[in-house]
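FYI, the working numbering numbers position 108 of the sequence shown as 92, with every residue one higher than the one before it.
Beta carbons: idealized from backbone N, C-alpha and C, even for Gly.
Have a look at the structure below before the remarks.
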Amino acid sequence: MMPEREFELLVIGGGPAGSGAANTAAKEGARVALVEKDKLGGTCLNYGCDPTKTLLHSAHILNRAQNAAALGLNIPSAEADWNALQARIQQVMHIIRGGTPEEGVRKTREQGIEMISGEAIFSGPNEVTVSGQTYRAEQIIIAVGGETFVPPIDGLTSAGYITNREAIFLPELPERMAILGAGPIGVEFAQMFHRF
-15 MMPEREFELL
-5 VIGGGPAGSG
5 AANTAAKEGA
15 RVALVEKDKL
25 GGTCLNYGCD
35 PTKTLLHSAH
45 ILNRAQNAAA
55 LGLNIPSAEA
65 DWNALQARIQ
75 QVMHIIRGGT
85 PEEGVRKTRE
95 QGIEMISGEA
105 IFSGPNEVTV
115 SGQTYRAEQI
125 IIAVGGETFV
135 PPIDGLTSAG
145 YITNREAIFL
155 PELPERMAIL
165 GAGPIGVEFA
175 QMFHRF
């Protein structure tokens, strides 16, 4: 039997790819650990696709309601309630996740996967350290996803900025916003915030 901190598979990153790999290996009877420094579900569930598409859908419905007269419909008042939108995002993420983030961790553990919270740093061959504890594995999968790119623009740091991760969860709807970048995320956010 393997010592407590040794695994057949250690997965770094609890998004869809990492969680899927860990679940598959655990179902096959492997001793598996999953390291996640944030929340299970990855960027898409927690900061990207799912909350963004929820807001985009609401922005689309709001826009349709505000322009209903063109369709022969009289809708007296249609406006965004940012707090209600934030609650809706949490509700959608709760449904997709199948519960709270803590319940997700519990369910992962129930599948026989050891959950390790923190940032993994390679400390040797087949070895990572998380919060001072060393873990070894026969195989290590790196499934950490991507990070938001912040362009090197003079003065940007001192002027202050937010990324898409923070914009979704702003405490209140801003009156104005400048968006740098016209890629898919920039265009989605421009359309969404313009409609609100």
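Residue 87: member of the alpha helix (DSSP H) spanning 85 to 94, first to last residue.
Around the beta carbon of residue 67, fewer than 16 other beta carbons lie within 10 angstroms, which makes this residue exposed. Contact fails between the region 55 to 75 and the region 95 to 109, because fewer than three Cβ pairs, one in each stretch, are under 8 Å apart. Where residue 20 is concerned, the enclosing beta strand (DSSP E) starts and stops at 16 to 20. The C-beta separation of residue 59 from residue 49 comes to about 5 Å, placing the pair in contact by the 8 Å criterion. According to the DSSP assignment, residue -8 belongs to the beta strand (DSSP E) that extends over -10 to -4. Membership of residue 177 in any beta strand (DSSP E) is not indicated; the residue belongs instead to the alpha helix (DSSP H) covering 168 to 179. Excluding residues up to 5 positions away in sequence, 129 lie with their Cβ nearer than 6 Å to the Cβ of residue 27 in the same chain.
Between residue 112 and residue 125, the gap from beta carbon to beta carbon reaches 9 Å or more.
One thing to note: residue 118 has its Cβ no nearer than 9 Å to the Cβ of residue 15. For residue 3, there is no enclosing beta strand (DSSP E); the residue is found in the alpha helix (DSSP H) stretching over 0 to 11. Straight-line spacing of the CA atoms in residue 156 and residue 29 works out to 21 Å. Secondary-structure assignment with DSSP links residue 119 through a beta bridge to 112.
Within a 10 Å sphere around the beta-carbon of residue 152 sit 16 or more other beta-carbons, which makes this residue buried.
CA-to-CA, the gap between residue 127 and residue 8 works out to about 14 Å.
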